[in-house]
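Residue numbers (the UniProt record's numbering): 1 to 865.
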């Protein structure tokens, strides 16, 4: 089985603790040996739920990290929910899957940390409060209480003593503390820049929060706006974020790793310095093809860059007007549209020239929208013969095209001239018209020109990234306030640690409606403060932090959620981190997961944690659909989780979610049957009522055939759960239930056989992973005290896993004619004799002469005639 295990527990054990004041409840499922008429008539999921939930509340079987506990540890974590309302079908799937993993490792003898909390800040709560005229604090609190009650009913194995909510000052105090540590390290800074702006939500968005040009929250077309904002310098960690993925290979989905690699977007090339005529400072251009420098025929700057505005300001009035009109047009265009290859090229000549450093040619400078201000340095050298977008621009404005790479087809013939064909040649080839580079191939030419640029002080080899620094300022109320005050005399001043948290003001009389600035700016009494440095008048920063800051380290706060001296206890981090198994949606592949990895590396560098990666293994569950599409009220295909629980019971819904297919696949609720799951659970439950042997009876005195089935299923289930094949583990459990039902009904075995008891006890433990209420009721019916979650994984007798017989294939004329069940240690002579005695084999041979018999015991006999 994959992964290290503690020593195997012995046979299924019972727990010693039992709640004394619920004896009457537990006795509703009498122990084995009681009068059958006193036992429940049928499996009643709701009665079972009412019976056992108070027992678990009293016993707290999932409390982790108790003093003196020496068991090895496992940290299992589900992505914590946003409290937008009650749990939905997506929650039902995700939490059922995470619960299987947590409960399994608990049964295997580990101290398992499986916490839960709420990602409670953010736009949905604030927008909902605005729409309802409510206080986001109260709205969030009510939703958390509702979800918490549903999670308890759903029997998630959470440690309820470790609950947190990110909107509580006790939590976001440490957001502020960590922000100040990042600022001290130079990783948090404030600067003006063009930012993504959502006109509806009236707040800025990080690049990662813009999906196909639209706000990932509300779907509104995103525009650009110039603001002074707070950033985290995630680009300083770009190389490590890429290289450390080697630790995650094979443990995280390949799709997620590919998405992160593409988002970070490492590319190697060279920086080249171009002199701008009439400008003192040179402009640096990044290019992946410095070998094509001799083919540059013009120079392009991003129209919405500071450089374009600077150059246009020094042009004549006509050019300034043309540029201003063009800039307004560009700012209303999304990045997706700007980068589209089939979009007509537009631009404005700025009446300025750049000088090519390798040949001294004057290159006209154009402002255009197909270059983005945050690519490289916001300017490019245009080589139209070998870049399609440059060629399209050159053809649109009649600019020269110069071929400097002789690219040929597979037959060695030159490709068509780009001027005539309109198609740039982008492949490898020998350089031409490139002075000292002539005749060199691409790789050698790049090395040569990069070294020459470095030697001349005009650039050199470099690596760049698509990743940009993380913009964390938001112009909304419902988030963590920045612990910074602005003083005319002292500038930006951090709030001292002992004055944290900077708590949000009350919403009484505060208009939260988006107006293009933070609603906090209107809380004048809150904004006015004194400078911690000079004691003079100052103002608080009125932006709030991106909520992804909250979720970038919450998994560490779970380790010590009530600690008041630090965000988390280092000793607890050493004990539990990294998270062994993380469960959540693939929608967070770039945002949350990338930021959590960044924070973990920063905290490692600060000496606060040992690991450099937060999550060892990642499971992305699929979506829950209805009739092939995502559930929604507007489509009329919404399935309410509460209604399904009321109709079928918690265990049937949980089992359905787990059994529907591989966890990463989508589940269409229309294609699965919670009613079928309920029928199976009733059959399994009935087995426990039928067992008549006493607890502790020696199973080795029972049916070997029954024991063999039980031990094989238990062994297989362990391997399947660890391989995240939960649905197959459930299928094997169903096979065991069927086999035990036959054994109970078989007069030669019967319900009194000790092997049947062993098998049914194993079923209870296996079902405890997916159907905890039913499993607990079975456990009680079998005469054990609660709780089954702590029973221990059934011990497996390896001797019972060995197959006593194998299937031997007999071929005649190369075709299979018979299959024989034979002892695994059968001799060649005995196997040959059995094969030749087979009626099917003899009929296939007929009158033909047997020339040779090839025997490969115990699996193959080949008769040659």
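C-beta: ideal position from N, C-alpha, C; glycine also.
Backbone CA spacing between residue 855 and residue 864 [nearest angstrom]: Taking the Cα positions, residue 855 is about 11 Å away from residue 864.
Own chain partners of residue 177 with C-beta closer than 7 Å, once the 5 adjacent residues on each side are dropped: Cβ neighbours of residue 177 beyond the five flanking positions: 497, 500, 567.
Reduced DSSP secondary structure (H/G/I, E/B, other) of residue 726: DSSP places residue 726 in helix when its eight states are reduced to three.
Contacting residues, own chain, Cβ-Cβ under 8 Å from residue 24 (five flanking each side not counted): Note that residue 24 has pLDDT 34, beneath the 50 cutoff, so the model's placement of it is unreliable and the number below is only indicative. Once the five neighbours on either side are set aside, residue 24 has no close Cβ partner at all.
Whole-angstrom distance between residue 588 and residue 413, CA atom to CA atom: Roughly 48 Å between the two C-alpha positions.
Given residue 525 as reference, the closest of 534, 507, 515, 513 once Cα atoms are compared: Among 534, 507, 515, 513, the Cα nearest to that of residue 525 is on 507.
In DSSP terms, what residue 364 is bridged to: Note: residue 364 sits in a beta bridge opposite 353.
Helix, strand or coil at residue 190 [DSSP, three-state]: In the displayed model, residue 190 falls within a strand according to three-state DSSP.
Whole-Å CB distance - residue 75 paired with residue 113, under 8 Å assumed: Contact between residue 75 and residue 113 holds: CB atoms are separated by about 5 Å, below the 8 Å threshold.
Inter-residue spacing [alpha-carbon to alpha-carbon] between residue 229 and residue 472: Cα-Cα distance, rounded: 8 Å.
Burial state of residue 333, where buried means 16 or more other Cβ atoms lie within 10 Å: Burial call: buried.
Pick from 79, 190, 691 that is closest to residue 745, judged by C-alpha positions: It is 691 whose Cα lies nearest to the Cα of residue 745.
Segments assigned alpha helix (DSSP H), at least 4 residues, entirely inside the stretch 674-700: Listed in chain order, the complete alpha helix (DSSP H) runs (minimum 4 residues) inside the stretch 674-700 are 674-690.
6 Å Cβ shell around residue 637 - same chain, five flanking residues per side excluded: Counting only residues of its own chain and dropping the five nearest sequence neighbours on each side, residue 637 has a CB closer than 6 Å to the CB of 626, 627, 631.
Sub-9 Å separation of residue 181 and residue 231 beta-carbons: No.
C-alpha gap between residue 16 and residue 785, whole angstroms: Confidence at residue 16 is low in this model, with a pLDDT of 33, below 50, so the placement of that residue should be treated as unreliable; the coordinate-derived value is given next. Distance between residue 16 and residue 785, taken at the CA atoms: about 7 Å.
Cβ-based neighbour list, residue 803, same chain, cut-off 8 Å, excluding 5 preceding and 5 following: Excluding sequence neighbours, residue 803 sits near 824.
Residues that residue 584 bridges to, as DSSP identifies them: For residue 584, which the question treats as bridged, DSSP gives the partners 620.
Reduced DSSP secondary structure (H/G/I, E/B, other) of residue 552: Residue 552: helix per DSSP, three-state reduction.
Test item: CB-CB of residue 327 and residue 303 under 9 Å: Yes. Within cutoff.
Residue 836, DSSP secondary structure in three states: Here residue 836 sits in helix by DSSP.
Reduced DSSP secondary structure (H/G/I, E/B, other) of residue 719: Helix, per DSSP.
Beta strand (DSSP E) segments (min. 3 residues) lying fully within the stretch 530-576: List check, beta strand (DSSP E) in window: 537-540.
Segments of 4+ residues assigned as alpha helix (DSSP H) that fall wholly inside the stretch 97-185: For the stretch 97-185, the full-length alpha helix (DSSP H) segments reaching 4 residues or more read 123-132, 136-153, 169-184 along the chain.
Proximity below 9 Å, CB of residue 583 to CB of residue 621: A Cβ-Cβ contact shorter than 9 Å links residue 583 with residue 621.
8 Å contact criterion, which residue 213 and residue 204 should meet: CB distance rounded: Not quite, the Cβ-Cβ distance comes to about 15 Å (not below 8 Å), so this is no contact.
Assigned exposure category for residue 46 - 16 Cβ within 10 Å defines buried: Looking at its Cβ environment, which holds fewer than 16 other Cβ atoms inside 10 Å, residue 46 is exposed.
Residue 267 classed as buried or exposed, judged by whether at least 16 other C-beta atoms fall within 10 angstroms: With fewer than 16 other Cβ atoms within 10 Å, it is exposed.
Outcome for residue 131 when other beta-carbon atoms lying within 10 angstroms are tallied against a minimum of 16: Its Cβ having fewer than 16 others within 10 Å, residue 131 is exposed.
Contained alpha helix (DSSP H) runs [length at least 4] in the stretch 259-328, N- to C-terminal order: Runs found: 306-313.
Reduced DSSP secondary structure (H/G/I, E/B, other) of residue 818: Taken through DSSP and simplified to helix, strand or coil, residue 818 comes out as strand.
Proximity below 9 Å, CB of residue 556 to CB of residue 609: The Cβ-Cβ distance between residue 556 and residue 609 falls below 9 Å.
Exposure of residue 411, with buried meaning 16 or more beta-carbon neighbours within 10 Å: Per the 10 Å Cβ criterion, exposed.
Bounding residues of the beta strand (DSSP E) (the contiguous stretch that carries residue 406): Here the beta strand (DSSP E) through residue 406 covers 405-407.
Outcome for residue 537 when other beta-carbon atoms lying within 10 angstroms are tallied against a minimum of 16: With fewer than 16 other CB atoms across the displayed protein chains lying within 10 angstroms of its CB, residue 537 is exposed.
Inter-residue spacing [alpha-carbon to alpha-carbon] between residue 731 and residue 757: Their Cα atoms are separated by approximately 20 Å.
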